[in-house]
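Engineer: Chains as they are written, first to last, in our numbering: chain A, 1 to 327; chain B, 1001 to 1327.
Can you read through this structure? Questions will come right after.
In structure tokens:
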């Protein structure tokens, strides 16, 4: 069995793991803060160290020799150019025209490939997760931002210049909230982690009755989407309302995807899945209310099944896809 | 050269033409009112007569014999099931579970295939029209409703159950206008022909200064989107404002498609193209304002190049696609 190292570069953390080519095993999961403020060279050094650590752990666990490790798949925020392996621009990481693929490859002495982080996460869910084997898959990665990935017939749909799948920046309310991207009413402006926290704070300043402040020892600046989900689990009415409201926003965006793609599976990945049925039940109801019945009936709307590792599995799978033509 | 008959069934008219297999020629274009209120048998009889007429005209024009005509591609409102050739439900035509493909085939003694009318129109534009040869094409058909079609690598994207491409029913304003489909804020509820007429009437009842009533001899019930475009051509300020507003609504929907698909071409087909640059200039500006810059730069936003015949060309092309694997 051959193994591939998957590297998932996020704004906060880098996660690395070594995955068997059939996706059945993952070894040597390692994570480190990204610290992008220390510059690309620092991030690269951390990636190289994590990859080496992960490989060593894998060889110890499996008894294999180094030849079993055949390559590295890298998932990075974009936009990027797959053909040249260059990250064009990442506002969060401060990179511009960085030849990330070749830099990683040289640092770890292995062939490498590069794809978008959200594409990788959704591809991972298609490969071995919630959307395993489905023919038509659309996915959302919901965290600091909202990314997206589209998998058709086992291949990532990249579009004309590798930008496809920017689902977080689809408008659900054309005169609505200003988004960081400059557009108005983007899904991301309502349903990303920071957007959920911002809506919570707006309600609190408007006098909403809630125990949310207790969950952050009174320091409202520490309220995150996770705080909202935790308060909802404790049956805080206002937090529950925020989750239902989030489900409605997401439902409008997901209904659009159902009507456009008529997919077998829509998979949601990231922190938002922590909200569980409190989110997914009203989300499915909202999609049912909005989208075409035969398309809704055909489509399963699921939380990701690979918390924390979807991007690593997917990065490994994209190495297979780019190097061998299929995952 | 072989020829294929293309049949485009609309709510108002049926259009038929006979197309050479390379798409370079069309002969015997024939059209007749659909008169769906007379029942499916009546519509079928009209289709059969139009197909026979079109074939005869083609044989006269080309000097070919009947063997040159190899099949019929039918484009019909849906939803429908391509595999069985059955139209599942068409509210406009009143059909339910109609085995249209086989009924047409038997009536005209030729093999037939069936696909969605909007898919056919966009496929026609990809085959020989404005989007000719482009790898990633998304299209809108704008008339009584707003349909959509997606062409990837020369093939129509149908999704899991032939419903993909319902772009008219994507939400651009989640708390907006109620759409006939039951959803709120659908693109179709703002930018279809009847929606444009409805917005015009709303403005007139609110006291808008306009010469629109003069274009319908004072009979406001006769105002259509075409009336609005005509008044705009005559520099009526209110009509121009309606066109700009339409461009803004369409721009939000098209920007979503640009961010999701990163296409080479977005093509708009139907009456709306009559508005010309008055619509397309502000539309492109709105898309530029909303969508990701590298995706916008990559994408041409074009009016269809086959007025009245895109659906016929496309229906013929879908016969090739379904029968021979490619158009």
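For every residue, glycine included, the Cβ atom is placed at its ideal position computed from N, Cα and C.
1. Of all the CB atoms in chain A, is at least one closer than 9 Å to the CB of residue 1173(B)?
2. Measuring straight from C-alpha to C-alpha, what distance separates residue 174(A) and residue 1246(B)?
3. Give the straight-line distance between the Cα atoms of residue 1304(B) and residue 104(A), rounded to the nearest whole angstrom.
4. Consider the Cβ of residue 1144(B): report whether some Cβ of chain A lies at a distance smaller than 9 Å.
5. Residues in the stretch 1146-1161 of chain B with C-beta within 9 Å of chain A's C-beta atoms, listed in sequence order?
6. Does residue 1178(B) pass the burial test, meaning 16 or more other C-beta atoms within 10 Å, or should it be called exposed?
7. Taking the straight line between their C-alpha atoms, what separation do you get for residue 282(A) and residue 321(A)?
8. Can you give, in chain order, each stretch of the alpha helix (DSSP H) that sits fully within the stretch 90-160 of chain A and has at least 4 residues?
9. Can you tell me where the alpha helix (DSSP H) with residue 1172(B) in it begins and where it stops?
10. For a contact defined as C-beta to C-beta under 9 Å, what are the partners of residue 1099(B) on chain A?
11. Along chain B, in chain order, which residues have C-beta atoms closer than 7 Å to that of residue 163(A)?
12. Thinking residue 312(A) and residue 16(A) are a contact (beta carbons under 8 Å), I'd like their distance in whole angstroms, please.
13. If the cut is a Cβ gap below 8 Å, which residues of chain A does residue 1241(B) touch?
14. Less than 9 Å between CB atoms is the rule here; does residue 1196(B) satisfy it with respect to chain A?
15. In the stretch 53-85 of chain A, which residues sit with their C-beta less than 8 Å from some C-beta in chain B, listed in chain order?
16. As a quick exercise: from 8(A), 51(A), 111(A) and 222(A), pick the residue whose alpha carbon is nearest that of residue 323(A).
17. Could you give the residue range of the alpha helix (DSSP H) that holds residue 58(A)?
18. Taking residue 1196(B) as part of the beta strand (DSSP E), name the residues at either end of that continuous run.
19. Where residue 1184(B) and residue 1254(B) are concerned, what is the direct C-alpha to C-alpha distance, given to the nearest angstrom?
20. Does the beta carbon of residue 298(A) sit closer than 9 Å to a beta carbon anywhere in chain D?
21. Tell me the residue span of the alpha helix (DSSP H) that contains residue 277(A).
22. Opposite residue 186(A) in the DSSP bridges: which residues?
23. Check the Cβ of residue 1167(B) against every Cβ in chain A and list those closer than 8 Å, keeping chain order.
24. Mind listing the chain A neighbours of residue 1183(B)? Cutoff is C-beta to C-beta under 8 Å, in chain order.
25. Spell out the partners DSSP gives residue 76(A) in its beta bridges.
26. For residue 136(A), go through chain B and note every residue whose CB falls closer than 7 Å to its CB, in chain order.
27. Does residue 177(A) come out as helix, strand or coil in the three-state DSSP assignment?
28. Shortest alpha-carbon distance to residue 62(A) belongs to which of 95(A), 94(A) and 19(A)?
29. Look at the Cβ atom of residue 131(A), then the Cβ atom of residue 122(A), and state whether they are nearer than 9 Å.
30. With respect to the beta strand (DSSP E) encompassing residue 268(A), which residues constitute its N-terminal and C-terminal limits?
31. What residue range does the beta strand (DSSP E) around residue 303(A) cover?
32. Measuring straight from C-alpha to C-alpha, what distance separates residue 66(A) and residue 34(A)?
33. Is the shortest distance between the beta-carbon of residue 1283(B) and the beta-carbons of chain A less than 9 Å?
34. Answer with buried or exposed for residue 256(A), where buried requires no fewer than 16 other C-beta atoms within 10 angstroms of its C-beta.
35. Can you name, in chain order, every residue of its own chain whose Cβ lies under 8 Å from the Cβ of residue 1163(B), other than the five neighbours on each side?
36. Compare the C-alpha of residue 297(A) against each of 276(A), 259(A) and 318(A) and name the closest.
Structural biologist: Reading off the structure:
1. yes
2. 13 Å
3. 45 Å
4. no
5. 1148, 1150, 1152, 1157, 1158, 1159, 1160 and 1161
6. exposed
7. 36 Å
8. 100-108 and 117-128
9. Residue 1172(B) -> no alpha helix (DSSP H), and no H or E assigned at all.
10. Under the 9 Å cutoff, chain A gives no residues; its nearest Cβ is about 18 Å from residue 1099(B).
11. 1262, 1292, 1294 and 1295
12. 7 Å
13. By Cβ distance, chain A contributes nothing, its closest Cβ being about 16 Å from residue 1241(B), past 8 Å.
14. no
15. 79
16. 111(A)
17. 40-62
18. Per DSSP, residue 1196(B) belongs to no beta strand (DSSP E); it is in the alpha helix (DSSP H), 1193-1205.
19. 18 Å
20. Chain labels in this structure do not include chain D; the protein chains are A and B.
21. 277-290
22. 171(A)
23. 259 and 260
24. 255, 289, 290 and 291
25. 116(A)
26. 1159 and 1160
27. coil
28. 19(A)
29. yes
30. 265-270
31. 300-303
32. 26 Å
33. no
34. buried
35. 1078 and 1079
36. 259(A)
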